[in-house]
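J.: The structure under discussion is supplied below as structure tokens; questions concerning it will follow.
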Amino acid sequence: MKGISAKFVMSNSDVNKCPLPDRHEYAFIGRSNVGKSSLINMLAANKKLAKTASRPGKTQLINHFLINDSWYLVDLPGYGYAEVPEKIRKQFMDMIRSYILKRENLVCLFVLIDSRHKPQKIDLEFMEWLGENEVPFAMVFTKSDKLSTLRCRTNIEEYQKTMLETWETLPPFFVTSAEKFVGREELLDYIEELNHTVAIG
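The opening position of the sequence shown corresponds to residue 1 in the UniProt record's numbering, with each subsequent residue numbered one higher.
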């Protein structure tokens with residue numbers, strides 16, 4: 001996928017108010033401060049598309065962007081943000097789960113994981129829930145420029161080893177860096193492939 005255009009469509013907290021499910025849709029999610037907005041901006045080659053912040057929890061709504069006038073990219077709130085009341089955290093998760101389970105044109109959920117860390121319980125449990133609900137997803141390891149290639153590979157292998165304790169097969173995975181534009185073409189090519197092979201509606 002060479003050129004790319006992106007425009008904001010809408011934000012809301014109710015899956016029933018999302019755009020008509022008439023286009024392929026790809027959503028991005030991860031723990032708060034995993035670099036989700038930065039990755040989305042890198043994919044769209046637009047630093048101002050998704051709002052970024054040094055403080056976690058900036059994204060609090062379901063944000064739709066139309067890419068190349070043909071498919072939707074969705075920025076979802078992060079999960080596991082500890083500095084908000086439990087009631088608000090639960091509201092976020094209810095909104096996220098409702099979107100994931102009800103959005104009929106969702107082709108793939110990209111789960112962002114900080115490549116600097118060992119397997120995190122909250123990420124493993126979230127992906128387990130996706131598997132139980134048969135939600136197609138791929139893993140996206142972020143911030144690969146923040147550590148050595150060897151350390152990055154070791155952490156990814158640790159994730160795969162841990163997941164194989166309960167998973168028969170592993171989902172696709174991508175290694176990215178928003179700052180260095182690493183993984184951009186691979187992700188966009190994967191989305192383009194799904195656009196041509198997965199039917200919606």
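Virtual Cβ for every residue (Gly too), placed ideally from N, Cα, C.
These numbers come from a predicted model, not from an experiment.
Taking all protein chains shown into account, do 16 or more other C-beta atoms lie within 10 angstroms of the C-beta of R55, making it buried, or fewer, making it exposed?
T.: Caution is warranted here: a pLDDT of 48 is assigned to R55, below 50, making its placement in the model unreliable, and the coordinate value is therefore given only provisionally. Answer is exposed; the Cβ neighbour count stays below 16.
J.: If you draw a straight line from the C-alpha of E129 to the C-alpha of E186, how long is it?
T.: The amino acid occupying residue 129 in the given sequence is Trp; Glu does not appear at that position. So the alpha carbons of these two residues sit roughly 26 Å apart.
J.: Just to confirm, is the Cβ distance from A44 to I4 under 9 Å?
T.: yes
J.: In whole angstroms, what separates the C-alpha of L124 from that of V9?
T.: If you draw a straight line from the Cα of L124 to the Cα of V9, it is about 31 Å long.
J.: Can you have a look at F181 and say buried or exposed, based on whether 16 or more other CB atoms are within 10 angstroms of its CB?
T.: exposed
J.: Taking only the alpha-carbon atoms, compute the straight-line gap between F137 and P171 and give it to the nearest angstrom.
T.: 7 Å
J.: Which of the three DSSP states, helix, strand or coil, is assigned to S177?
T.: In the three-state reduction of the DSSP assignment, S177 falls in the strand class.
J.: Go to T142, then tell me how far its beta strand (DSSP E) extends in each direction, as first and last residue.
T.: F137 to T142
J.: For residue 205, count neighbouring Cβ atoms within 10 angstroms of its own Cβ and tell me buried if that reaches 16, exposed if not.
T.: In the structure as shown, the chain begins at 1 and stops at 201. Residue 205 is therefore absent and cannot be evaluated.
J.: Between which two residues does the alpha helix (DSSP H) carrying I122 extend?
T.: K121 to E132
J.: Distance check for L109 and E168, CA to CA, integer angstroms please.
T.: 19 Å
J.: Output needed for K60: all residues of its chain with C-beta closer than 6 Å, excluding positions within five of it in sequence on either side, in chain order.
T.: Looking at the sequence itself, residue 60 is Gln, so the reference to Lys does not match. The answer, listed in chain order, is P77.
J.: Below 9 Å between beta carbons: does that hold for I122 and G80?
T.: yes
J.: Given a cut-off of 9 Å on the beta-carbon distance, is the pair T154 and I113 in contact?
T.: no
J.: Please state if the CB of I156 and the CB of H24 are separated by a distance shorter than 9 Å.
T.: no
J.: Quick one: residues in its chain with C-beta nearer than 8 Å to the C-beta of K48, no 5 flanking neighbours on either side, listed in chain order?
T.: N41
J.: Within 10 Å of its beta-carbon, does S148 have 16 or more other beta-carbons around it, so buried, or fewer, so exposed?
T.: Burial call: exposed.
J.: Residues in the same chain with beta-carbon distance under 8 Å from S70, minus the five sequence neighbours each way, listed in chain order, please.
T.: R23, H24 and N195
J.: If V74 sits next to F126, beta carbons under 8 Å apart, how far is it from one beta carbon to the other, in whole angstroms?
T.: So it is not a contact: roughly 16 Å between Cβ atoms.
J.: Which term fits N63, buried or exposed, when burial requires 16 or more other beta carbons within 10 angstroms of its beta carbon?
T.: The residue is buried, with at least 16 neighbouring Cβ atoms inside 10 Å.
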